[in-house]
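Asks:
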Amino acid sequence: MQTNKSFADRIDWSLAFILFLFFVVSLIAISSAQTAGQYGANFVPKQAVFYIVSIAMIGVLMYFDPDQYKKTAYYLYGFGILMLILLMIAPAGQGQIGQPINGAKAWFHLPFFNLQPAEFMKTFYILALAKMAAAHHEKNLVKTLKTDGYLLGKIGVLLLIPLAFIMQQPDLGTALVFIAITLALIVVSGISWKIIVPSFGGVAALGVLLLWMTLNMQEFLTSKLGLQPYAFARIYTWLDPYSYADNEAYNLIAAMNAIGSGEVFGKGYQGRQVYVPENHTDFIFTVISEDFGFIGSSTVIILFFMLIYHLTKITLQLKDTFSTYVCAGIIAMITFHVFQNIGMTIQLLPITGIPLPLISYGGSSLIGNMLALGIVFSMKFHHKNYMFGNHKEDE
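Given below as structure tokens:
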């Protein structure tokens, strides 16, 4: 028997409250970061507008049910690929729509804001990947190593298409996000561990080999594989930052100094003394740590834990395979973003251009993440509850 809920009861108010807390933290952190005067602009009102736009977008997204997202998944994936193609061929001169920023041609420069297609492509990719895996299991009711291997191959093709365009920008950080999403979906899609273990082992071995070649065979990687010097510099500065303190490792050393100087309670709001470039975007965690210390930074990490834990609860409540896969992909995306962004500021991981979700300044990043969370809101809103746990998959 299906239980009836009112419109208001179907909205996930717990998730909405968690996002409100992120909104508050984001505005406080960005406001404090601006005291460094890096750009001479006030980013707080812009971030507030991005949040308002995101909230309106979530309201629209909740109107559509999971079946509609499933039907449009491949179309959205194709639209995302088209955007990446248009970005690749866009004029890249000074002041033109495709002008690179920090060496990466990753944004459309529009009159009022910059649009980064890859941020939206992440969600489109999750939808397409979830649809492919769900459809594969519906067609192949009896699982074998052959059917699992076929699914793994299809996933690989779906990944390589956007990955090829993103690496052309080049944007290694975003490429790693796509890989993290893929690995998570491979695990939850039920592919046999007889395939997963050798595959993951091979990927790990390849990573170790590339790291060794980066340290010992730079000329070969540059001439034969086309890797750019910036990739080598990030590895060197990660492993030995103080040997490159005056150039490539300046950001990392400044970030670690800022985080350490906050100690337990921090220096107070706008009390920072360590200059960290890009501290309102990729290095926003250093602002939180220096201003509010270990207590403040731990609170932010706990807030992310609350978000991921709540998303996991929603995933376990959903009944249809497609929705479960979508939510799992979104959890993987956000988790990797948080781990990579915070990890790079404390030398746990190499520096990549990955913002801290829902806190760093940036319209594309924020709206892209809220797009994904809006789909979660929709799936929870349209989820049907059944008494006694007796149910069929949602129509």
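One gets our numbering by counting positions in the sequence shown from 1 and adding 144 to each. A virtual CB, placed ideally from N, CA and C, is assigned to each residue, including glycine. If you're wondering where the values come from, they're calculated on a predicted model, not measured in any experiment.
Does the region 472-480 come within contact of the region 433-447, defined as at least 3 CB pairs closer than 8 Å?
Replies: No: the two stretches stay apart, fewer than three of their Cβ pairs being nearer than 8 Å.
Asks: Under 7 Å, do Glu282 and Ser508 count as touching if we go by C-beta distance?
Replies: Against a cut-off of 7 Å, the Cβ pair of Ser508 and Glu282 comes out as no contact.
Asks: By alpha-carbon positions, which one of Ile519, Gln484, Ile445 and Lys287 ends up nearest to Ile323?
Replies: Looking at the Cα atoms, Gln484 is the closest of the given residues.
Asks: Inspect the CB distances between the region 509-529 and the region 190-204 and report whether three or more fall short of 8 Å.
Replies: The region 509-529 is in contact with the region 190-204.
Asks: Could you check the C-alpha separation between Ala93 and Lys290 for me, to the nearest Å?
Replies: The structure shown has nothing for residue 93, since the chain only spans 145 to 539.
Asks: Is the beta carbon of Gly242 closer than 7 Å to that of Ala97?
Replies: In the structure as shown, the chain starts at 145 and stops at 539, and residue 97 therefore has no counterpart that could be examined.
Asks: Does the region 468-475 come within contact of the region 326-343, defined as at least 3 CB pairs closer than 8 Å?
Replies: Yes: at least three Cβ pairs fall under 8 Å.
Asks: At a cut of 8 Å, does the region 334-342 reach the region 444-464 through at least three beta carbon pairs?
Replies: Result no; under three Cβ-Cβ pairs closer than 8 Å.
Asks: Give, in chain order, every unbroken run of the alpha helix (DSSP H) that is at least 4 residues long and sits entirely within the region 204-276.
Replies: The qualifying runs are 210-233.
Asks: Could you have a look at Ile199 and say whether DSSP puts it in helix, strand or coil?
Replies: Of the three classes helix, strand and coil, the one that applies to Ile199 here is helix, per DSSP.
Asks: Measuring straight from C-alpha to C-alpha, what distance separates Val482 and Ile229?
Replies: Rounded to the nearest angstrom, the two C-alpha atoms are 28 Å apart.
Asks: Should His535 be labelled buried (16 or more other beta-carbon atoms within 10 Å of its own) or exposed?
Replies: Residue placement at His535 is poorly supported in this model, since its pLDDT is 48, which falls under 50; the coordinates still yield a value, given next. Its Cβ having fewer than 16 others within 10 Å, His535 is exposed.
Asks: Identify, in the order they occur along the chain, each residue of the same chain with its Cβ nearer than 6 Å to the Cβ of Leu515, setting aside the five sequence neighbours on each side.
Replies: Once the five neighbours on either side are set aside, the close Cβ partners of Leu515 are Thr267.
Asks: Leaving out the 5 sequence neighbours to the left and right, which residues in its chain are closer than 6 Å to Pro501 when beta-carbon positions are compared?
Replies: Hits under 6 Å: Ile478, His481 and Asn513.
Asks: So which of Ile335, Ala274 and Met265 has the shortest CA-CA distance to Tyr294?
Replies: It is Ile335 whose Cα lies nearest to the Cα of Tyr294.
Asks: Would you kindly report the start and end of the unbroken alpha helix (DSSP H) that includes Phe344?
Replies: First-last of the alpha helix (DSSP H) with Phe344: Trp337 to Asn360.
Asks: Ala393 by DSSP, collapsed to three states: which one?
Replies: Coil at Ala393, not helix or strand.
Asks: Assuming Phe448 and Thr489 form a contact by the criterion Cβ under 8 Å, report the distance between their Cβ atoms to the nearest whole angstrom.
Replies: With 8 Å as the limit, Phe448 and Thr489 do not qualify as a contact, their Cβ atoms being about 14 Å apart.
Asks: Taking all protein chains shown into account, do 16 or more other C-beta atoms lie within 10 angstroms of the C-beta of Gly224, making it buried, or fewer, making it exposed?
Replies: By the 10 Å Cβ count, Gly224 comes out buried.
Asks: Going by C-alpha distance, which of Pro261, Leu320 and Phe364 is nearest Val347?
Replies: Ranking the options by Cα distance to Val347, first place goes to Leu320.
Asks: Kindly list the residues whose CB is nearer than 6 Å to the CB of Thr179, restricted to its own chain and excluding five residues on each side of it in sequence; keep chain order.
Replies: Within the same chain, Thr179 has close Cβ partners Gln414.
Asks: Spatial neighbours of Arg378 within its chain, please: CB distance less than 7 Å, with the 5 preceding and 5 following residues excluded, ordered by chain position.
Replies: Answer for Arg378: Pro494 and Ile495, listed in chain order.
Asks: Based on Cα-Cα distance, which residue from Phe409, Leu462 and Gly506 lies nearest to Asp209?
Replies: Closest by alpha carbon: Leu462.
Asks: Since Ser176 contacts Asp435 with CB under 8 Å, what's their CB separation in whole angstroms?
Replies: That belief holds up - the Cβ atoms of Ser176 and Asp435 are roughly 5 Å apart, short of 8 Å.
Asks: To the nearest angstrom, report how far apart Ile164 and Ala152 are at their CA atoms.
Replies: At residue 164 the sequence reads Phe, which differs from the Ile that was named. Rounded to the nearest angstrom, the two C-alpha atoms are 17 Å apart.
Asks: Report the residue from Thr381, Gly518 and Phe257 whose alpha carbon sits nearest the alpha carbon of Ala399.
Replies: Measuring from the Cα of Ala399, the nearest candidate turns out to be Thr381.
Asks: State buried or exposed for Leu220, treating a residue as buried only when at least 16 other CB atoms are found within 10 Å of its CB.
Replies: Looking at its Cβ environment, which holds 16 or more other Cβ atoms inside 10 Å, Leu220 is buried.
Asks: Just the Cα atoms here: how many angstroms apart are Gly497 and Ser150?
Replies: Roughly 43 Å between the two C-alpha positions.
Asks: By alpha-carbon positions, which one of Asp464, Tyr505 and Ile511 ends up nearest to Asp211?
Replies: Per the Cα distances, Asp464.
Asks: Would you tell me roughly how many angstroms separate the C-alpha atoms of Gln362 and Tyr386, rounded to the nearest one?
Replies: Approximately 21 Å, taken between the alpha carbons.
Asks: Is it true that the CB of Asn395 sits closer than 7 Å to the CB of Val418?
Replies: Cβ distance not < 7 Å, so Val418 and Asn395 don't count as in contact.
Asks: Smallest Cα separation from Gly406: which of Asp384, Ser433 and Ala389?
Replies: When each option's Cα is compared against that of Gly406, the closest is Ser433.
Asks: According to the neighbour-count rule (16 or more other Cβ atoms, all chains shown, within 10 Å of its Cβ), is Tyr195 buried or exposed?
Replies: Flag for Tyr195 reads buried.
Asks: Between which two residues does the alpha helix (DSSP H) harbouring Arg154 extend?
Replies: Per DSSP, Arg154 belongs to the alpha helix (DSSP H) from Phe151 to Arg154.
Asks: Report the three-state DSSP secondary structure of Ser467 (helix, strand or coil).
Replies: Ser467: helix per DSSP, three-state reduction.
Asks: Do you know offhand how far Ile310's Cα is from Leu350's?
Replies: Ile310 and Leu350: Cα-Cα distance of roughly 20 Å.
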